[in-house]
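Peer 1: The sequence shown begins at 25 in this note's numbering and counts up one residue at a time.
In this text, a Cβ means the ideal position worked out from N, Cα and C, and glycines have one as well.
Quantities reported herein were computed from a predicted structural model and do not represent experimental measurements.
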Amino acid sequence: MQGLRQTTITRMTLEHEPARAVKRAWRADLLDFTATPSWGSPDEAGVRLRPDHWLLVDEQGRIEGATPHEPGHDWERHDHRGRLLMPGFIDTHVHCPQLDVIASWGAGLLDWLETYTFPAELRHADPAVARAGAERFLDALLAHGTTAAVVFPTVHKASAEALFEGAAARGMRLITGKVLMDRHAPDGLRDDVPGARAECEELIGRWHGRGRAAFAATVRFAVTSTPEQLAMAGELGRRHAGLYMQTHVAESREEVRRVAELHPEARSYLDVYRRAGLLHERAVLAHGIWLDAQDRSLLHDTGAHIAHSPTSNLFLGSGLFDWSAARAAGHGVSIATDVGGGTSLSMPRTLAEAYKVQALQGERLTAFYALHAATAGAARALRLEHEIGSLERGRLADVVIWDWAAGPVAEHRDAVARGALAGTTPQALHARLFAWMQLADERNVVQSLVAGHTRHRRAKGA
Ligand SMILES: [Zn+2]
Numbered sequence: 025m026q027g028l029r030q031t032t033i034t035r036m037t038l039e040h041e042p043a044r045a046v047k048r049a050w051r052a053d054l055l056d057f058t059a060t061p062s063w064g065s066p067d068e069a070g071v072r073l074r075p076d077h078w079l080l081v082d083e084q085g086r087i088e089g090a091t092p093h094e095p096g097h098d099w100e101r102h103d104h105r106g107r108l109l110m111p112g113f114i115d116t117h118v119h120c121p122q123l124d125v126i127a128s129w130g131a132g133l134l135d136w137l138e139t140y141t142f143p144a145e146l147r148h149a150d151p152a153v154a155r156a157g158a159e160r161f162l163d164a165l166l167a168h169g170t171t172a173a174v175v176f177p178t179v180h181k182a183s184a185e186a187l188f189e190g191a192a193a194r195g196m197r198l199i200t201g202k203v204l205m206d207r208h209a210p211d212g213l214r215d216d217v218p219g220a221r222a223e224c225e226e227l228i229g230r231w232h233g234r235g236r237a238a239f240a241a242t243v244r245f246a247v248t249s250t251p252e253q254l255a256m257a258g259e260l261g262r263r264h265a266g267l268y269m270q271t272h273v274a275e276s277r278e279e280v281r282r283v284a285e286l287h288p289e290a291r292s293y294l295d296v297y298r299r300a301g302l303l304h305e306r307a308v309l310a311h312g313i314w315l316d317a318q319d320r321s322l323l324h325d326t327g328a329h330i331a332h333s334p335t336s337n338l339f340l341g342s343g344l345f346d347w348s349a350a351r352a353a354g355h356g357v358s359i360a361t362d363v364g365g366g367t368s369l370s371m372p373r374t375l376a377e378a379y380k381v382q383a384l385q386g387e388r389l390t391a392f393y394a395l396h397a398a399t400a401g402a403a404r405a406l407r408l409e410h411e412i413g414s415l416e417r418g419r420l421a422d423v424v425i426w427d428w429a430a431g432p433v434a435e436h437r438d439a440v441a442r443g444a445l446a447g448t449t450p451q452a453l454h455a456r457l458f459a460w461m462q463l464a465d466e467r468n469v470v471q472s473l474v475a476g477h478t479r480h481r482r483a484k485g486a
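1) Which residue spans inside the stretch 427-467 form an unbroken alpha helix (DSSP H) run of at least 4?
2) If we count the other Cβ atoms within 10 Å of its Cβ and call it buried at 16 or more, is Ala454 buried or exposed?
3) For Pro75, does the three-state DSSP call read helix, strand or coil?
4) Which value, in whole angstroms, describes the spacing of the CA atoms of His93 and Ala400?
5) Mind listing, in chain order, the continuous alpha helix (DSSP H) runs of no fewer than 4 residues lying wholly within the stretch 151-180?
6) Quick one: is the Cβ of Gly418 within less than 7 Å of any heavy atom of ligand 1?
7) Is Ala186 near Ala237, with beta carbons less than 8 Å apart?
8) Check Pro66 in the structure and name its three-state DSSP category.
9) Considering only DSSP beta bridges, list what Val273 is partnered with.
10) How would the residue list near ligand 1 read, in chain order, if you kept each one whose beta-carbon is closer than 7 Å to any heavy atom?
11) Could you name the residues of the same chain whose beta carbon sits closer than 7 Å to that of Glu83, not counting the 5 residues immediately before and after it, in chain order?
12) Closer than 7 Å by C-beta to Ala10: which residues in its own chain qualify, once you throw out the five before and the five after it? Chain order, please.
13) With C-beta atoms as the reference, is Val357 less than 8 Å away from Ala350?
14) List the endpoints of the continuous alpha helix (DSSP H) containing Phe57.
15) Can you name the residues that DSSP bridges to Thr91?
16) Apart from the five residues just before and just after Gly258, which ones in its own chain have a Cβ nearer than 7 Å to its Cβ?
17) Give the secondary structure of Ala402 by DSSP, where H, G and I count as helix, E and B as strand, and everything else as coil.
18) With a floor of 3 residues, list each beta strand (DSSP E) that falls wholly inside the stretch 203-286, ordered by position along the chain.
19) Do you know whose CA, among Glu377, Ala403 and Thr248, lies nearest Thr60's CA?
20) Give the straight-line distance between the Cα atoms of Ala290 and Val296, rounded to the nearest whole angstrom.
21) When you compare only the Cα positions, how much space is there between Ile87 and Ala209?
22) Can you tell me whether Trp129 is helix, strand or coil according to DSSP?
23) If Leu73 and Leu109 are in contact, beta carbons under 8 Å, what's the gap, nearest whole angstrom?
24) Would you tell me roughly how many angstroms separate the C-alpha atoms of Gly443 and Val174, rounded to the nearest one?
25) What does the alpha-carbon distance come out to for the pair Trp428 and Leu338?
26) Can you tell me whether His304 is helix, strand or coil according to DSSP?
27) For Val474, which residues of its own chain have a beta-carbon under 7 Å away from its beta-carbon, when the five flanking residues on both sides are left out?
28) Can Asp56 and Pro95 be called in contact, C-beta distance under 8 Å?
29) What does DSSP give as the partner residue(s) for Trp99 in the beta ladder?
30) Among Val179, Val280 and His168, which one has its Cα closest to the Cα of Pro143?
31) Find the nearest neighbour of Met256 within the set Asp216, Gly235 and His272, judged by alpha-carbon distance.
32) To the nearest angstrom, how far is it from the Cα of His332 to the Cα of Gly312?
33) Going by C-alpha distance, which of Trp426, Ile425 and Phe458 is nearest Val440?
34) Give a single yes or no on whether Trp426 has its beta carbon closer than 7 Å to a heavy atom of ligand 2.
35) Taking Gly327 as the reference, give the member of Asn468, Trp314 and His304 with the closest Cα.
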């Protein structure tokens with residue numbers, strides 16, 4: 025009895041102590057991007073592959089460098105030779121409570137919100153439900169190889185709190201804020217301007233800039249916020265340095281028509297947000313399918329960017345995102361799963377769908393361009409390139425180790441691609457990576473690290 029008690033006390037003490045400070049080294053094929061790759065052509069621009077290298081991570085969880093030589097005994101060494109190591113993916117638009125309704129049948133955007141999303145979000149008014157939901161969601165992100173995210177909780181303050189707390193416990197970079205909606209939503213999911221302002225200020229005071237957390241003024245969309253609430257969200261951004269803004273824009277044609285009816289004063293859907301002062305360099309707008317050239321210039325001029333959500337756009341039948349037009353306008357584009365309109369938290373699956381969305385418009389998205397958008401490109405769009413998105417010295421070691429293949433079909437395909445790699449040309453590397461991007465999912469994730477600490481490890485025998 026005495027011994028058991030002793031053990032329990034020791035374990036509790038350990039849990040509250042900072043993790044043992046050690047230097048760690050990870051051996052694998054290291055891949056990241058030093059610049060934006062070429063569009064439409066799999067050449068080597070911006071691509072950095074360091075095959076069979078050791079990634080060195082210091083005691084603070086920061087990347088110290090990479091070397092082809094095995095480091096000395098003062099390093100804790102983790103040998104994953106033959107596997108792929110990349111910066112953790114950054115999911116720039118995803119809804120925590122919608123894990124409850126992922127893969128629900130039969131509705132376009134506005135119906136889908138009424139039928140599935142709002143009832144699910146109502147349940148998160150209960151702090152216990154919100155807490156359990158946040159834990160499940162954050163663990164699922166890590167199990168899918170995503171180490172940082174911009175997240176929608178619900179209108180309830182407790183649901184934002186639960187996400188901030190869960191991410192802090194895991195050391196994750198997380199951007200969120202309570203959802204603002206003061207009209208056209210059912211009872212129990214509406215707030216009002218003074219109440220919402222007070223709750224946002226409270227959350228900002230407690231979480232914004234604490235550890236790796238940042239607050240986002242979280243406007244659901246122009247349908248569910250009054251002009252007064254949109255203006256209040258804009259003021260929050262002006263009052264607090266480094267505040268983000270997240271919302272939806274121009275997702276479906278029906279939604280665009282609705283916004284035009286509700287906001288006749290605005291030139292376009294995006295213009296509603298401009299008028300409220302919501303477009304700035306930390307503004308993340310999901311979808312952006314039904315935009316025109318003037319909207320795209322506005323995104324460019326304000327530094328706001330689009331979180332492209334291909335599985336969601338296809339699943340809800342919303343439309344095809346015109347990435348070429350975005351490129352021509354020069355505004356940022358990151359990649360998002362938008363679960364539960366989206367059908368998977370897996371970024372490789374999402375990128376595979378992004379390829380198809382472009383293919384339907386006569387464009388050929390390369391694996392280099394796509395993977396950059398989901399790592400270094402997203403970090404830059406979020407103004408977090410000093411912290412995440414690459415394997416550059418000084419970045420936090422938010423990295424994921426992947427199997428090149430999972431299952432007999434992918435293994436065969438990868439063996440064929442490896443056989444063709446004789447010259448290790450960029451085209452041969454691209455052929456292998458592209459097959460990986462099309463075929464990989466969460467089964468390929470071996471281990472996810474957040475600031476050098478293992479936060480997900482695949483179960484043995486899986
Ligand atoms: Zn969404």
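Peer 2: Looking at the atomic coordinates:
1) 432-443 and 450-463
2) Along the sequence shown, read from residue 1 onward, the residue named residue 454 stands at position 430. Reading the sequence as shown, one finds His at residue 454 and not Ala. Buried, because 16 or more other Cβ atoms sit within 10 Å of the Cβ of His454.
3) In the sequence shown, residue 75 corresponds to position 51, counting from 1. Of the three classes helix, strand and coil, the one that applies to Pro75 here is strand, per DSSP.
4) Numbered from 1 along the sequence shown, position 69 holds the residue referred to as residue 93. Numbered from 1 along the sequence shown, position 376 holds the residue referred to as residue 400. One C-alpha to the other measures close to 26 Å.
5) 151-167
6) The residue labelled residue 418 in the question sits at position 394 within the sequence shown. No, ligand 1 has no heavy atom inside 7 Å of this Cβ.
7) Numbered from 1 along the sequence shown, position 162 holds the residue referred to as residue 186. Numbered from 1 along the sequence shown, position 213 holds the residue referred to as residue 237. Cβ atoms of Ala186 and Ala237: not closer than 8 Å.
8) By one-based count along the sequence shown, residue 66 stands at place 42. It is coil, neither helix nor strand.
9) Here residue 273 corresponds to residue number 249 of the sequence shown, with the count starting at 1. Looking at the DSSP assignment, Val273 forms a beta bridge with His311.
10) His117, His119, Phe176, His272, Ala310, Ser333, Ser336, Asp362 and Gly365
11) Within the sequence shown, the letter at position 59 stands for residue 83. The residues are Ala45, Val46 and Lys47.
12) Any property of residue 10 remains undetermined from this structure, which presents the chain solely from 25 to 486.
13) Counting from one through the sequence shown, the residue named residue 357 turns up at place 333. Counting from one through the sequence shown, the residue named residue 350 turns up at place 326. Against a cut-off of 8 Å, the Cβ pair of Ala350 and Val357 comes out as a contact.
14) Residue numbering aside, residue 57 sits at position 33 when the sequence shown is read from its first letter. No alpha helix (DSSP H) contains Phe57, which is instead part of the beta strand (DSSP E) from Lys47 to Phe57.
15) Counting from 1 along the sequence shown, the entry for residue 91 is found at position 67. For Thr91, which the question treats as bridged, DSSP gives the partners Trp78.
16) Taking the sequence shown and counting its residues from 1, the one referred to as residue 258 is at position 234. Closer than 7 Å at the Cβ level, and outside the excluded window around Gly258, lie Ala300, Gly301 and Leu302.
17) Residue 402 sits at position 378 when you count from the first residue of the sequence shown. Collapsing the DSSP output to three states places Ala402 in a helix.
18) 237-243 and 268-273
19) Here residue 60 is taken as the residue at index 36 of the sequence shown, counted from 1. Nearest C-alpha to Thr60: Ala403.
20) Locating residue 290 in the sequence shown gives position 266, where the first residue counts as 1. Locating residue 296 in the sequence shown gives position 272, where the first residue counts as 1. Cα to Cα, the separation comes out at about 5 Å.
21) Your numbering for residue 87 matches position 63 in the sequence shown. Your numbering for residue 209 matches position 185 in the sequence shown. Cα-Cα distance, rounded: 46 Å.
22) For the purposes of this step, residue 129 is taken as residue 105 along the sequence shown, with counting starting at 1. In the structure shown, Trp129 sits in coil (DSSP, three-state: anything other than H, G, I, E or B).
23) Sequence index remark: in the sequence shown, residue 73 carries index 49 (1-based). Sequence index remark: in the sequence shown, residue 109 carries index 85 (1-based). No, Leu73 and Leu109 are not in contact; Cβ-Cβ is about 11 Å, not under 8 Å.
24) As a working mapping, residue 443 is identified with position 419 in the sequence shown. As a working mapping, residue 174 is identified with position 150 in the sequence shown. The straight-line gap from Cα to Cα measures roughly 39 Å.
25) For the purposes of this step, residue 428 is taken as the residue at position 404 of the sequence shown. For the purposes of this step, residue 338 is taken as the residue at position 314 of the sequence shown. Computed Cα separation, rounded: 27 Å.
26) Counting from 1 along the sequence shown, the entry for residue 304 is found at position 280. Here His304 sits in coil by DSSP.
27) Along the sequence shown, read from residue 1 onward, the residue named residue 474 stands at position 450. Within the same chain, Val474 has close Cβ partners Thr171, Arg194, Gly195, Met196 and Asp422.
28) Numbered from its first residue, the sequence shown carries residue 56 at position 32. Numbered from its first residue, the sequence shown carries residue 95 at position 71. The Cβ atoms of Asp56 and Pro95 do not sit closer than 8 Å to each other.
29) As a first step, residue 99 must be located in the sequence shown, where it is residue number 75. According to DSSP, Trp99 bridges with Lys47.
30) Residue mapping note: residue 143 aligns to position 119 of the sequence shown, counting from 1. Nearest option by C-alpha distance: Val179.
31) Residue numbering aside, residue 256 sits at position 232 when the sequence shown is read from its first letter. Of the listed residues, the one whose Cα sits closest to Met256 is Asp216.
32) Sequence index remark: in the sequence shown, residue 332 carries index 308 (1-based). Sequence index remark: in the sequence shown, residue 312 carries index 288 (1-based). So the alpha carbons of these two residues sit roughly 7 Å apart.
33) Mapped onto the sequence shown, residue 440 falls at position 416. Among Trp426, Ile425 and Phe458, the Cα nearest to that of Val440 belongs to Phe458.
34) Of the ligands this structure carries, namely ligand 1, none is ligand 2.
35) As a first step, residue 327 must be located in the sequence shown, where it is residue number 303. Comparing Cα positions, the closest option is His304.
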